[in-house]
Amino acid sequence: MRAWLSYSAPDFLARDPEDIAGRLAAQQAHRGFAGTAEQQAAWLPQIMAIRAALQQPGAEGWTIALEYELLRLEKRIDAIILTDRAIFCLEFKTRDASPAALAEAEDYALDLRDFHAGSRHHPIVPVLVTDDAFDTLPAQAMLFWDRVPPPFRIGGQALGPFLAWAQNSIPDPAIPLDGAAWLAAPYRPVPNIIEAATMLFSLHGVEDIATARADRQNLTRTRDAIARAITAAKVDKAHTVIFVTGIPGAGKTLCGLNTVFGPAREDGAAFLSGNVPLVTVLREALARDAVSRKLCGKPEAERRVKTALQNVHRFLEDGATDPTRLPAERVIVFDEAQRAWDEAKARQGTQNKASKLTLSEPAHALEIMARLPDWGVIVALIGNGQEINTGEAGLAEWGRAIQADGRWRAIAASRAWTATDPAQRLADAPGGWLKEDMELDLTVPIRSVRETYGAAWVDALLDGRTKEAAQIAQEAGEALPFFLTRDITAWRAGLRAFTRGERRAGLLRSSGAKRLRAEGLGVEARDEIADWFLRRWPEDCRSSSALEACATEYSCQGLELDITGLAWGGDFLPHGPGWRARRFIGAKWQKDEKEYAFVRNTYRVLLTRARYETIIFVPPGDPADPTRPPAEFDALAARLIAAGIRPLVPQAKETKALPAQPPLPV
Numbered sequence: 187m188r189a190w191l192s193y194s195a196p197d198f199l200a201r202d203p204e205d206i207a208g209r210l211a212a213q214q215a216h217r218g219f220a221g222t223a224e225q226q227a228a229w230l231p232q233i234m235a236i237r238a239a240l241q242q243p244g245a246e247g248w249t250i251a252l253e254y255e256l257l258r259l260e261k262r263i264d265a266i267i268l269t270d271r272a273i274f275c276l277e278f279k280t281r282d283a284s285p286a287a288l289a290e291a292e293d294y295a296l297d298l299r300d301f302h303a304g305s306r307h308h309p310i311v312p313v314l315v316t317d318d319a320f321d322t323l324p325a326q327a328m329l330f331w332d333r334v335p336p337p338f339r340i341g342g343q344a345l346g347p348f349l350a351w352a353q354n355s356i357p358d359p360a361i362p363l364d365g366a367a368w369l370a371a372p373y374r375p376v377p378n379i380i381e382a383a384t385m386l387f388s389l390h391g392v393e394d395i396a397t398a399r400a401d402r403q404n405l406t407r408t409r410d411a412i413a414r415a416i417t418a419a420k421v422d423k424a425h426t427v428i429f430v431t432g433i434p435g436a437g438k439t440l441c442g443l444n445t446v447f448g449p450a451r452e453d454g455a456a457f458l459s460g461n462v463p464l465v466t467v468l469r470e471a472l473a474r475d476a477v478s479r480k481l482c483g484k485p486e487a488e489r490r491v492k493t494a495l496q497n498v499h500r501f502l503e504d505g506a507t508d509p510t511r512l513p514a515e516r517v518i519v520f521d522e523a524q525r526a527w528d529e530a531k532a533r534q535g536t537q538n539k540a541s542k543l544t545l546s547e548p549a550h551a552l553e554i555m556a557r558l559p560d561w562g563v564i565v566a567l568i569g570n571g572q573e574i575n576t577g578e579a580g581l582a583e584w585g586r587a588i589q590a591d592g593r594w595r596a597i598a599a600s601r602a603w604t605a606t607d608p609a610q611r612l613a614d615a616p617g618g619w620l621k622e623d624m625e626l627d628l629t630v631p632i633r634s635v636r637e638t639y640g641a642a643w644v645d646a647l648l649d650g651r652t653k654e655a656a657q658i659a660q661e662a663g664e665a666l667p668f669f670l671t672r673d674i675t676a677w678r679a680g681l682r683a684f685t686r687g688e689r690r691a692g693l694l695r696s697s698g699a700k701r702l703r704a705e706g707l708g709v710e711a712r713d714e715i716a717d718w719f720l721r722r723w724p725e726d727c728r729s730s731s732a733l734e735a736c737a738t739e740y741s742c743q744g745l746e747l748d749i750t751g752l753a754w755g756g757d758f759l760p761h762g763p764g765w766r767a768r769r770f771i772g773a774k775w776q777k778d779e780k781e782y783a784f785v786r787n788t789y790r791v792l793l794t795r796a797r798y799e800t801i802i803f804v805p806p807g808d809p810a811d812p813t814r815p816p817a818e819f820d821a822l823a824a825r826l827i828a829a830g831i832r833p834l835v836p837q838a839k840e841t842k843a844l845p846a847q848p849p850l851p852v
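Listed below in structure tokens is the structure:
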């Protein structure tokens, strides 16, 4: 049970409030939390307010849960009151009725709605109880949007009348809520990648990061397959490459982080990525979390996370500098390994710095890790359809380098040799140095919390299979998480409406969609991307939720947001049954068929960043601007509509009001 304590209403009323507070303190100590005088002082008024609220007819059948743990948020709901009609989430604050406090209360209710099996068929009411609120009933009606109304703010003395008013406002359910069954129902949260990394870094296992569907087994099977292969490498004194494949959003990065922060940490392990924003954001998030937990100071926290999360290009260059130096890590996780540079790209360097690499990045990684005596492991994460730049070697280069080196063996699922693109095939078939393990393939999307249709719809859309996309959309119905608007004001308003509680929204666009500048849609500076992903709005205008600057595919690949707004530019437009890619050079668009696959994958990345909804903005164009002809964007909108996308409607139309009730006297 996730609640520290739970009682029936009669049992709660029969107990001494001091006894309940003492039991909460004991539970706190049992879980390893340090008790404080402030916490002790806070519990008693909360208990007294709940006692007073239970002194009403009908309350004898209610259930009370105290300090209900939310694993995804690593927070606790102060109290939950389960009536026969609804779930009331109570957050108690002392003189804090800030927007942030209201958002926190609402987020708890949304978390239960999305991840708690017992909360799927009943209203969930978020309530902020503060001692500086008026002890009167709310002026607002009991309005429900997807079973969760906006949060209510009341004073402690008004809790009882509020519950009576709310009970009268909610119709009798077909099946009354059973408190005992609710407490026993599974809670399976789906954390975002930043939350998951934080949890893993603080020694949670991937099995703790359960999910709302069957994908928990998919993740744990792959985790176990990686662990088996690492153990076999130790026992056999072998050097092994473990290839983890899967569809976008299936949890490859999560499995990689679990490897680095799990048992392999003792052997020396590092997560390597060429995705600078991903490394930057995760480093900052983990360092902040370590400081907030008072595990260490900021300098030490930054040192620890820099050891665990490294830039792959710097790792390889450092290893190439001294061919006799042994790496400090026995296990490295190579993120987006199919995007590793080929030899030509690796040798290029930059304008300011000559490259130290003489081989392809896969070949250098193999050479560096093969220096280790006895054993070494590379876990290569393969993101199919995620190649977004030239010079990316593909999976075939890994196969060529392994065969050429001769000191390595590999293990992978069949997806690694059955791709239609030869550049993305590790080998023609397993055998010799390559063994098969189908549990290294992640097939269930976990980024999207409530649906499983999004990835298939995106694939069909971008492959030009419009009728198939429409069929997927028809089957999905309201579960398809994509909306379309041509109005930029409605676009932002829709994103605001969808972003409830503490959920995060953000604007996305392709780096090649240069003419979105005319719509005022600039790009977030890459050195500010950590603030974009981690800061909170409205407290900080640098937050993604300010909806001011856009992140591109380079800034958001590997990361995610709860709600995304994708501005679709003129670099990828319908052409016959398929699509055409363009580059904006000088003052005009030019065809760029050589980059077609990269541009298509860019939109695949952008369309799969949301955990919940994606709202696509197609600009109206401007007949006076030859770079933005309205006909091109009209054709784009028509293509999306033909594929089954839903038009964005004002969110107020989706809000349902329950029958109004006269206010009760206080």
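Going from the sequence shown to the numbering used here is simple: count from 1 and add 186. For glycine and all other residues, C-beta sits at the position ideal for the given N, C-alpha and C.
Element boundaries [alpha helix (DSSP H), containing residue i]
i    : result
S741 : 739-742
V427 : Per DSSP, V427 belongs to no alpha helix (DSSP H); it is in the beta strand (DSSP E), 425-432.
C441 : 438-447
I827 : 816-828
G346 : 345-355
S478 : 462-478
H308 : Unbroken run through H308: none, as it is neither H nor E.
R299 : 285-301
G208 : 203-216
I554 : 547-556
Closest by C-alpha distance to residue i, when choosing among the options
i    : options                : result
R686 : L747, R712, K700       : L747
D358 : I433, S305, A272, D332 : A272
D264 : P243, A287, Q242       : A287
R178 : V467, W619, M555, A556 : Because the chain is modelled from 187 through 852, residue 178 falls outside the range shown and cannot be assessed.
I597 : H425, T316, P608, P805 : H425
E583 : E529, K621, T652, G617 : E529
G342 : D422, T316, P335, A824 : T316
F457 : V491, S284, A783       : V491
K531 : W561, R651, V563, G580 : G580
I236 : V477, A344, F770, V430 : A344
Whole-angstrom distance between residue j and residue i, CA atom to CA atom
i    : j    : result
L545 : C441 : 28 Å
L558 : L512 : 6 Å
L256 : R593 : 47 Å
A228 : E204 : 12 Å
R201 : A382 : 39 Å
L543 : A289 : 50 Å
S741 : L720 : 13 Å
A514 : D453 : 9 Å
I233 : Q213 : 16 Å
Q242 : L252 : 20 Å
T280 : A211 : 19 Å
R795 : W754 : 14 Å
G744 : V446 : 17 Å
E155 : R728 : There is no way to answer for residue 155, as the model of the chain reaches only from 187 to 852.
P848 : R299 : Residue placement at P848 cannot be trusted, given a pLDDT of 33 that sits under 50; what the coordinates show is reported in the next sentence. Those two C-alpha atoms are separated by around 28 Å.
Q660 : D560 : 55 Å
D475 : K484 : 10 Å
Supposed close pair residue i, residue j - CB separation, criterion 8 Å
i    : j    : result
I588 : W677 : About 47 Å separates the two Cβ atoms, so there is no contact after all.
E486 : W527 : About 33 Å separates the two Cβ atoms, so there is no contact after all.
F274 : I266 : 7 Å
L468 : L502 : L468 to L502, Cβ: 19 Å. No contact.
V517 : A455 : 4 Å
G756 : R768 : 7 Å
V465 : N444 : In fact, because the Cβ distance is near 17 Å, the residues do not count as touching under 8 Å.
A828 : T671 : Not quite, the Cβ-Cβ distance comes to about 17 Å (not below 8 Å), so this is no contact.
Chain-order list of residues whose beta-carbon lies under 6 Å from that of residue i (same chain, five-residue window excluded)
i    : result
Y193 : I250
D293 : G687, E688
A556 : H425, R593
A195 : L240, A245, E246, W248
D808 : R814
A732 : W723
S696 : G755, D757, T788
Neighbourhood of residue i by C-beta distance below 7 Å, restricted to the same chain and skipping five residues each side
i    : result
G569 : P434, K438, E522, Q524
Q226 : A207, A211
N-terminal and C-terminal residue of the beta strand (DSSP E) that residue i is part of
i    : result
I250 : 249-256
Y639 : Where Y639 is concerned, there is no enclosing beta strand (DSSP E), given that its DSSP letter is neither H nor E.
Check: residue i C-beta below 8 Å from any heavy atom of the ligand NAP
i    : result
D508 : The ligand NAP is not part of this structure, which contains no ligands at all.
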